[in-house]
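Input: a single structure, listed below in structure tokens.
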Amino acid sequence: MKYIFAFISLIFSQCIIATEQAEEIFAQLTPSLYQIKLIDKASGEKSSIGSGFQITSNGLIATNYHVISSFARHPDKYRMEYLDHQGNTNTLSLESVDVINDLALVKRDVAEPMTFFKISENTPHKGEQLFSLGNPHDLGMIVVPGTYNGLKKESFSDRIHFTGSINSGMSGGPVVNKQAEVVGINVATSGNQIGFLVPHDKLVTLFNSYKQSPPTTIKAQMANQLMASQDELISTLLNSHWESKSLGGKGAIPIIDVPFIRCWGESNADKQDALILTAVANCSLEENTYISSHFFTGSIEVEFRYMQAKELGGNKFYHLYRQQIARAGAGNRAGKDDVTEYQCHHDIVMPDNKAINNKSIFCTRAYKDFPDLYDVLYLAASIDKKQQALVSHFTISGVSQENSMAFTEKFMEAVSWK
Numbered sequence: 116m117k118y119i120f121a122f123i124s125l126i127f128s129q130c131i132i133a134t135e136q137a138e139e140i141f142a143q144l145t146p147s148l149y150q151i152k153l154i155d156k157a158s159g160e161k162s163s164i165g166s167g168f169q170i171t172s173n174g175l176i177a178t179n180y181h182v183i184s185s186f187a188r189h190p191d192k193y194r195m196e197y198l199d200h201q202g203n204t205n206t207l208s209l210e211s212v213d214v215i216n217d218l219a220l221v222k223r224d225v226a227e228p229m230t231f232f233k234i235s236e237n238t239p240h241k242g243e244q245l246f247s248l249g250n251p252h253d254l255g256m257i258v259v260p261g262t263y264n265g266l267k268k269e270s271f272s273d274r275i276h277f278t279g280s281i282n283s284g285m286s287g288g289p290v291v292n293k294q295a296e297v298v299g300i301n302v303a304t305s306g307n308q309i310g311f312l313v314p315h316d317k318l319v320t321l322f323n324s325y326k327q328s329p330p331t332t333i334k335a336q337m338a339n340q341l342m343a344s345q346d347e348l349i350s351t352l353l354n355s356h357w358e359s360k361s362l363g364g365k366g367a368i369p370i371i372d373v374p375f376i377r378c379w380g381e382s383n384a385d386k387q388d389a390l391i392l393t394a395v396a397n398c399s400l401e402e403n404t405y406i407s408s409h410f411f412t413g414s415i416e417v418e419f420r421y422m423q424a425k426e427l428g429g430n431k432f433y434h435l436y437r438q439q440i441a442r443a444g445a446g447n448r449a450g451k452d453d454v455t456e457y458q459c460h461h462d463i464v465m466p467d468n469k470a471i472n473n474k475s476i477f478c479t480r481a482y483k484d485f486p487d488l489y490d491v492l493y494l495a496a497s498i499d500k501k502q503q504a505l506v507s508h509f510t511i512s513g514v515s516q517e518n519s520m521a522f523t524e525k526f527m528e529a530v531s532w533k
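Taking this note's numbering, I'd label the letters of the sequence shown as residues 116 to 533.
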């Protein structure tokens, strides 16, 4: 029993120390913390809030891109403001963004040099205690202790796994170590004390790029970042191992062997009364790039569906088959102001390996603000079996024409009958 009391006493003392450290860090850094507000000019009311922190003596402030995204896309509709710890408020200018890593640099006017956050030169070690600062639910600035758990393994874009409560409104706030140095930026939460941070080196890269050559326009900067990111992603996928796996015992489908593409499967093999045996494999990139609240890009989704009729007439099977094909749709959210209507090409195709005959549909829609980027939808349905079918489908959002064609060609060659 005495060991239990000793253990409880140890935990209690550690909590007291953590609280004292949090209070000390908060008091030290509060003058360099801000609430970031977007104000709708027409109504005069705020449309979104987040957090930010000063990183230079002349008023440069770091935050998340998604906090100021509405201003970045519609600067005539909104204005940006800050609110400091003393209740002072004024306007901000948008200086630079990193839409891929969800970062932005904004600037306030200063009359004299101010205190600012120091960016750490080191990466935290696993289990290290960190402190997240921000403005949750418009309640005022707070500090939340948490733990560094390394980088999220299943992510294409680096994200730190942080055990701590990152709540709405804390986005864009800094996460610091015990030396009060920034090691990450609040970006997202999955609830249950699971949060994600942008690593501090991404902010260093953005800041250095800004110092060397400020962007001519934010839109052009975003377009270049989106183009470079999709090129890196598709190149990684094309150069990775595509493992052939069985689906339903008859179909052969590719599974791309990369940690950030995760796959799930299901079937109705346990349903004795099912008219059609169905086996499904679905693989996707479980992240995307936020452009606005109604426009996401950077996603990939792949689905394979094997169907085999038990005792069913050809017409009925064909009807159900067409229903499955009709389910295919865009894998990302985008509005009519963001993308054009899909343009589709229908054809009967056979890959060079002659492993399967398909009726295929290849559809693209163009991005209006970002030239040479497209959303792509591909659907292929086998036509060389009477009561067996293999439906293959993928969507890629925000991809170049060259990369979309290269991915489609490799995808077609990788699907076959066993």
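Using N, Cα and C, we set each Cβ at its ideal position, and we do this for glycine too.
Only a predicted model underlies this, so the values are computations on that prediction, with no experimental measurement involved.
Measure how close the beta-carbons of A534 and L318 come, nearest whole angstrom, since I'm counting them as under 8 Å. Limits of the chain in this structure are 116 at one end and 533 at the other, which puts residue 534 out of reach.
Is C398 buried or exposed, if buried means 16 or more other CB atoms sit within 10 Å of its CB? buried
For a minimum of 3 consecutive residues, which ranges assigned as the beta strand (DSSP E) are wholly contained in the segment 234 to 261? 244 to 249
Could you give the distance in angstroms between the alpha-carbon of Y149 and the alpha-carbon of V212? 18 Å
Are the beta-carbon atoms belonging to N292 and T278 less than 8 Å from one another? no
Local conformation of I119 per DSSP, three classes: Residue placement at I119 cannot be trusted, given a pLDDT of 45 that sits under 50; the coordinates are not used to answer.
I need the straight-line Cα distance from D487 to N472, nearest angstrom please. 31 Å
So, are the CB atoms of I154 and Y197 less than 8 Å apart? no
Under 8 Å Cβ to Cβ from D372, same chain only, skipping five residues before and after it: list those, please. S355, H356, W357, E358
Run through the DSSP bridge pairs and tell me what N339 is partnered with. According to DSSP, N339 bridges with nothing at all.
Taking the alpha-carbon positions, what's the V297 to P289 distance? 6 Å
Would you decide whether N598 is buried or exposed? Buried here means 16 or more other CB atoms lie within 10 Å of its CB. Residue 598 cannot be examined here, being either before or after the span of the chain that is shown, 116 to 533.
Decide if the segment 406 to 414 is in contact with the segment 179 to 195; the criterion is three or more beta carbon pairs, one per stretch, under 8 Å apart. yes
What does P289 pair with, by DSSP beta-bridge criteria? I300
Rounded to a whole number of angstroms, what is the C-alpha to C-alpha distance between I275 and Y325? 24 Å
Tell me the residue span of the beta strand (DSSP E) that contains K474. 473 to 481
Can you have a look at N518 and say buried or exposed, based on whether 16 or more other CB atoms are within 10 angstroms of its CB? buried
Return the Cβ separation of P251 and M285 in integer angstroms, given the expectation that the two are a contact with Cβ distance under 8 Å. 5 Å
Can you check DSSP and say which residues form a bridge with H276? F311
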